[in-house]
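Student:
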Amino acid sequence: MDADSMGQHEPFRLRLRRDVGLLGSFSFGYADVGAGIYLTLGLVAQFSGPATPLSFAVASLAYLFTALSYAELASSFPEAGGGLIYSEKAFGKLAAFITAWCLLLDYVVTTSIFALAAVGYMGYFLPALHGDPYFSLAALLLVSGLVVVNCLGVRESAGFSAALVLLDVSGITLVILAGYLAGFRPFWEQINWGTTPDLNGFLYGSSIAMASFLGIEVISQTAEETKVAGRTIPRAVFLVSAAVVVISIAFSSLAVGVVPWNILGQSYKDPAAIVAEYLPYGRIFGAWLGLMGMTVCIVAANAGIVGVSRMAFSMSREGLLPRWLGSLHRKYRVPYRAIILFASIQLLLAYTGHMGLSADLYNFGALLSYMLVNLALIALRRKDPSRFRPFKLPGTIKLGHGQRFEMPLIALLGFVSCGFVWTLVVLTHETGRLIGFLWLGLGLLLYYLYRRSRSPKLE
Amino acid sequence: MYIVVIGAGHVGLHLIQSFSQRGERIAVIDKSERKCRHVSTTFDAVAFVGSGKDRRVLRSAELEKADMLFAVTDNDLVNLAACRMAKKDFAVPYVVALANSPRRKEELKDAGADAVICPLDEAIRLVENALRTPNVSVLFIDPEEDCKLVRVTIPLNASVAGKTVRHLDLPPGCKVGLICGRNGLVFPDKGTQIAVHDQVFLLGAREAVDDGVRKLTMSELA
Numbered sequence: 074m075d076a077d078s079m080g081q082h083e084p085f086r087l088r089l090r091r092d093v094g095l096l097g098s099f100s101f102g103y104a105d106v107g108a109g110i111y112l113t114l115g116l117v118a119q120f121s122g123p124a125t126p127l128s129f130a131v132a133s134l135a136y137l138f139t140a141l142s143y144a145e146l147a148s149s150f151p152e153a154g155g156g157l158i159y160s161e162k163a164f165g166k167l168a169a170f171i172t173a174w175c176l177l178l179d180y181v182v183t184t185s186i187f188a189l190a191a192v193g194y195m196g197y198f199l200p201a202l203h204g205d206p207y208f209s210l211a212a213l214l215l216v217s218g219l220v221v222v223n224c225l226g227v228r229e230s231a232g233f234s235a236a237l238v239l240l241d242v243s244g245i246t247l248v249i250l251a252g253y254l255a256g257f258r259p260f261w262e263q264i265n266w267g268t269t270p271d272l273n274g275f276l277y278g279s280s281i282a283m284a285s286f287l288g289i290e291v292i293s294q295t296a297e298e299t300k301v302a303g304r305t306i307p308r309a310v311f312l313v314s315a316a317v318v319v320i321s322i323a324f325s326s327l328a329v330g331v332v333p334w335n336i337l338g339q340s341y342k343d344p345a346a347i348v349a350e351y352l353p354y355g356r357i358f359g360a361w362l363g364l365m366g367m368t369v370c371i372v373a374a375n376a377g378i379v380g381v382s383r384m385a386f387s388m389s390r391e392g393l394l395p396r397w398l399g400s401l402h403r404k405y406r407v408p409y410r411a412i413i414l415f416a417s418i419q420l421l422l423a424y425t426g427h428m429g430l431s432a433d434l435y436n437f438g439a440l441l442s443y444m445l446v447n448l449a450l451i452a453l454r455r456k457d458p459s460r461f462r463p464f465k466l467p468g469t470i471k472l473g474h475g476q477r478f479e480m481p482l483i484a485l486l487g488f489v490s491c492g493f494v495w496t497l498v499v500l501t502h503e504t505g506r507l508i509g510f511l512w513l514g515l516g517l518l519l520y521y522l523y524r525r526s527r528s529p530k531l532e
Numbered sequence: 002m003y004i005v006v007i008g009a010g011h012v013g014l015h016l017i018q019s020f021s022q023r024g025e026r027i028a029v030i031d032k033s034e035r036k037c038r039h040v041s042t043t044f045d046a047v048a049f050v051g052s053g054k055d056r057r058v059l060r061s062a063e064l065e066k067a068d069m070l071f072a073v074t075d076n077d078l079v080n081l082a083a084c085r086m087a088k089k090d091f092a093v094p095y096v097v098a099l100a101n102s103p104r105r106k107e108e109l110k111d112a113g114a115d116a117v118i119c120p121l122d123e124a125i126r127l128v129e130n131a132l133r134t135p136n137v138s139v140l141f142i143d144p145e146e147d148c149k150l151v152r153v154t155i156p157l158n159a160s161v162a163g164k165t166v167r168h169l170d171l172p173p174g175c176k177v178g179l180i181c182g183r184n185g186l187v188f189p190d191k192g193t194q195i196a197v198h199d200q201v202f203l204l205g206a207r208e209a210v211d212d213g214v215r216k217l218t219m220s221e222l223a
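Each protein sequence line maps, in turn, to chains A and B. So the first sequence is numbered by the numbering used here: it starts at 74 and just counts up by one. So the second sequence is numbered by the numbering used here: it starts at 2 and just counts up by one.
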């Protein structure tokens, strides 16, 4: 035995640094999820009308089930890869690939859609940015800048995200309090079930609201870089869940309470700022929320890049993508090749981006992977019982006569709720369905070809 | 590196803390859920509840991917079984085992342990040191090779004080490896002079070193 043979079992000799604490983990989780309401508020109002807060409440419930599943899995498997790792351990390589490929779609779309949303809020201050070609060009420049920040290492990204997220949480909380104190009109008084909204509209709006919450995966992606993941990750998940659910329901209630819902529905590029304008000192609050919307959407776009790079790193480490893609930079210890490759797709999407389609793809990819993740938790309770879970989902249903298995109820509800919304998206969003399945088909083809090319070496 | 530690007791916890601070990837196996909770919420480590003798638990911990295994429970039979499986079934490159009883040392080596640590042996050595003259500390003994490393502090009235290494008249099989004195650390040659209070590190065959110790500590007045 000699020093040279140490570490021979690990093909990637450089490892990601553990430098993300509770604030960083919370920021990564909140960044994507918390920005969702800035993006989707107007879109949801178009379909759910005055029942918009109920759409967010319904989406919150489905989100919470899956968030708690992630809390258990990410704290028990503190490795980069998130859903990929859980699916692989539960079901094998093919399931892992499908999960990861769907999440990749989600991350790619996340960066582009939130870059566009950020520019939308910048346009509150510079109206010229709302028009072509400046809208797309500004998004392109924004994505480029974030790529550079990410190539410098996680530390810079985590600090950057944390500062902006703290600013946003405090800012929007202040606006909500000011709004409720200034005069709140209960939204439920405006609801007329069957007309405003009708059932189809409400369901459609709820599926869009779901896109507000699809980002909890980022916490699990950065688990390998999180200090004492067993303690930090459950806390981060609880904090993110509490903050996001409370803020989204409170803000959407305020929104339809002060702004006619049809006007809200039309203001899809900067809905939060429009809401603020209806409050006392509206110009000040409007500017403030415009600034908050811009910053949070920038952070969410950044989180998408982080997610893509880490997912690519994990996929290449697991032999699902070529290894050269996942190799770490010697100095900055980030998967720079993956960052740059997927940034090119993100730049293209940002430049040509259609926000409605992006939301559909966002839902398609993430909900499918979340279904697999919830199933993976159930399977791993049975397959890997000796692994200690620092956080374990409460509540089980006992199944079977001989070998009694305790089915974790929350994971089951997570699977069912995500499955329901995914089916809704697939049935009602035609373009999203088409491109989503095309992406899936392309991925499976690439997977088949790559695995086949490696198969002699795997013997 | 990926390191697996079986046993989160006194020894294991210190190892886990040290490896965690160095940024290594660590998996810990212990039959106590309470200890597993402590490990997973205090250090950068994953924990598995179960016995180190249980092949399924070792498989869950992906022992086949480990670079090192530390079997440091308070049960020698568990350490033995873990060593055997680690080498035979999981091909772990480097295995370190704790022998709670000196009787188990040979068995652990036969089971494949690359290094065996016996706390009792170490305690006996330290106690023996304390019983000797304060000038002499036995630092290391290898019973298989019958060699020894000893540190001798030259006493005030030593007959060798002022002499060079050439004139120490040490027996064959014993050498002065290092001298630590007023000039700091010196790798001596034959002309290096020995002074009072110098710490002289003697190494070599056991009997020759014992002879050498006697010569270095002999008083002028004797």
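Ideal Cβ positions, reconstructed from N, Cα and C, are used throughout, including at glycine. These numbers come from a predicted model, not from an experiment.
#1: Using 8 angstroms for Cβ pairs, my map puts B:K263 next to B:L217. What's the rounded Cβ distance?
#2: Taking a cut of 7 angstroms between CB atoms, which residues from the stretch 441-471 of chain A lie near chain B?
#3: Drop a sphere of 10 angstroms on the beta-carbon of B:A116, count the other beta-carbons inside from all chains shown, and report buried for 16 or more, exposed for fewer.
#4: On the DSSP bridge list, what partners appear for B:D31?
#5: Check this for me: beta carbons of A:L337 and A:A346, under 7 angstroms apart or not?
#6: For the stretch 400-475 of chain A, which segments carrying the alpha helix (DSSP H) assignment without a break, of at least 4 residues, lie completely within its bounds, in sequence order?
#7: Take A:S459 as the anchor and find which of B:G51, B:E145, B:V5 has the nearest alpha-carbon.
#8: Figure out for me which residue from B:P189, B:I17, B:V6 has the closest Cα to the Cα of A:V301.
#9: Taking C-beta pairs closer than 7 angstroms, name the residues in chain B that A:G303 reaches, listed in chain order.
#10: Provide the residue(s) that pair with A:T299 in DSSP beta bridges, ordered along the chain.
#11: Between A:R396 and chain B, is the shortest Cβ-Cβ distance under 7 angstroms, so that the two count as touching?
#12: When you compare the CB of A:R228 with every CB in chain B, is at least one pair closer than 7 angstroms?
#13: Against A:K300, what residues of chain B qualify as contacts under a CB-to-CB distance less than 7 angstroms, listed in chain order?
#14: Could you check the C-alpha separation between A:H402 and A:M384 for me, to the nearest Å?
#15: In angstroms, rounded to a whole number, what distance separates the CA positions of B:G192 and B:C148?
#16: At the 7 angstroms Cβ level, is B:G51 part of the contact set with chain A, yes or no?
#17: For the stretch 54-78 of chain B, which residues have a CB atom closer than 9 angstroms to at least one CB atom of chain A, in sequence order?
#18: Spatial neighbours of A:Y277 within its chain, please: CB distance less than 7 angstroms, with the 5 preceding and 5 following residues excluded, ordered by chain position.
#19: Are the Cβ atoms of B:I4 and B:I30 separated by less than 7 angstroms?
#20: Check each residue of the stretch 145-174 of chain A: if its Cβ is closer than 9 angstroms to any Cβ of chain B, include it; give the result in chain order.
#21: Applying a beta-carbon distance threshold of less than 7 angstroms, which residues of chain A neighbour B:A48?
#22: So, is the C-beta of A:R390 closer than 7 angstroms to a C-beta in chain B?
#23: Which bits of chain A does B:E34 rub up against, with CB to CB less than 8 angstroms?
#24: Counting only beta-carbon separations shorter than 7 angstroms, does B:C175 have a partner in chain A?
#25: Please decide whether B:C84 counts as near chain A, where near means a Cβ-Cβ distance under 7 angstroms.
#26: Quick check: is the beta carbon of B:C37 nearer than 7 angstroms to any beta carbon in chain A?
#27: Closer than 7 angstroms by C-beta to A:L441: which residues in its own chain qualify, once you throw out the five before and the five after it? Chain order, please.
#28: Is DSSP giving B:E145 helix, strand or coil here?
#29: How many whole angstroms separate the CB atoms of A:L421 and A:I508, which I take to be in contact at a CB cut-off of 8 angstroms?
#30: Counting only runs that start and end within the stretch 68-151 of chain B, where is the alpha helix (DSSP H) found for 4 or more residues in a row?
#31: How long is the line joining the alpha carbons of A:Y42 and A:F187, rounded to whole angstroms?
#32: In the DSSP assignment, what residue or residues form a beta bridge with B:Y3?
#33: In three-state terms, what does DSSP make of B:L157?
#34: Examine the Cβ distances between the stretch 353-361 of chain A and the stretch 244-263 of chain A and report whether three or more of them are shorter than 8 angstroms.
#35: So which of A:F286, A:S243, A:V369, A:F164 has the shortest CA-CA distance to A:S128?
Tutor: Reading it off the structure:
#1: Past the boundaries of the shown model lies residue 263 of chain B; chain B is included only from 2 to 223, so the question cannot be answered.
#2: Residues passing the 7 angstroms Cβ filter: D457, S459, R460, F461, P463.
#3: Looking at its Cβ environment, which holds fewer than 16 other Cβ atoms inside 10 Å, B:A116 is exposed.
#4: According to DSSP, B:D31 bridges with B:V50.
#5: No; because the gap between Cβ atoms is not below 7 angstroms, this pair is not in contact.
#6: Fully contained in the stretch 400-475 of chain A are the following alpha helix (DSSP H) runs of length 4 or more, in chain order: 409-425, 428-456.
#7: Of the candidates B:G51, B:E145, B:V5, the one whose C-alpha sits nearest the C-alpha of A:S459 is B:G51.
#8: For the residues B:P189, B:I17, B:V6, the minimum Cα distance to A:V301 belongs to B:I17.
#9: Near A:G303 (Cβ distances below 7 angstroms), the residues of chain B are S41, T42.
#10: In DSSP, A:T299 forms a bridge with A:V93.
#11: With 7 angstroms as the cut-off, A:R396 does not count as an interface residue toward chain B.
#12: With a pLDDT of only 48 at A:R228, under 50, the local geometry of the prediction cannot be trusted, and the value read off the model is given with reservation. Judged by the 7 angstroms Cβ criterion, A:R228 is not in contact with chain B.
#13: Residues of chain B passing the Cβ test: D45.
#14: If I take the Cα positions, the gap works out to 16 angstroms.
#15: When rounded, the distance between both Cα atoms is 25 angstroms.
#16: Against chain A, the CB of B:G51 has a partner CB under 7 angstroms away; the residue lies at that interface.
#17: Within the stretch 54-78 of chain B, the residues whose Cβ lies closer than 9 angstroms to some Cβ of chain A are D55, R57, V58, S61, A62, E65, K66, A67, D68, M69, listed in chain order.
#18: Same-chain partners within the cutoff: F120, T501.
#19: It is not a contact, given that the beta carbons lie outside the stated cut-off.
#20: Going along the stretch 145-174 of chain A in chain order, one finds S148, S149, F150, P151, E152 with a Cβ nearer than 9 angstroms to chain B.
#21: The contacting residues are F461.
#22: The C-beta of A:R390 comes no closer than 7 angstroms to any C-beta of chain B.
#23: Within chain A, the C-beta atoms nearer than 8 angstroms to that of B:E34 come from F461, in chain order.
#24: For B:C175, the answer is no, since every Cβ of chain A falls outside 7 angstroms of its Cβ.
#25: No, B:C84 lies away from the interface with chain A (no Cβ there is under 7 angstroms from its Cβ).
#26: Contact with chain A is found for B:C37, since one of that chain's Cβ atoms lies less than 7 angstroms from the residue's Cβ.
#27: Excluding residues within five positions, the ones whose Cβ falls inside 7 angstroms are C175, W495.
#28: Coil at B:E145, not helix or strand.
#29: So it is not a contact: roughly 14 angstroms between Cβ atoms.
#30: The DSSP assignment places 77-89, 106-112, 120-132 as complete runs of the alpha helix (DSSP H) inside the stretch 68-151 of chain B, in order along the chain (cut-off: 4 residues).
#31: The structure shown does not extend to residue 42 of chain A, since chain A is modelled only from 74 through 532, so no value can be given for it.
#32: For B:Y3, which the question treats as bridged, DSSP gives the partners B:R26.
#33: B:L157 falls in the coil class under three-state DSSP.
#34: Counting C-beta pairs with one atom in each stretch, the stretch 353-361 of chain A and the stretch 244-263 of chain A have three or more that are closer than 8 angstroms, which means they touch.
#35: Per the Cα distances, A:F286.
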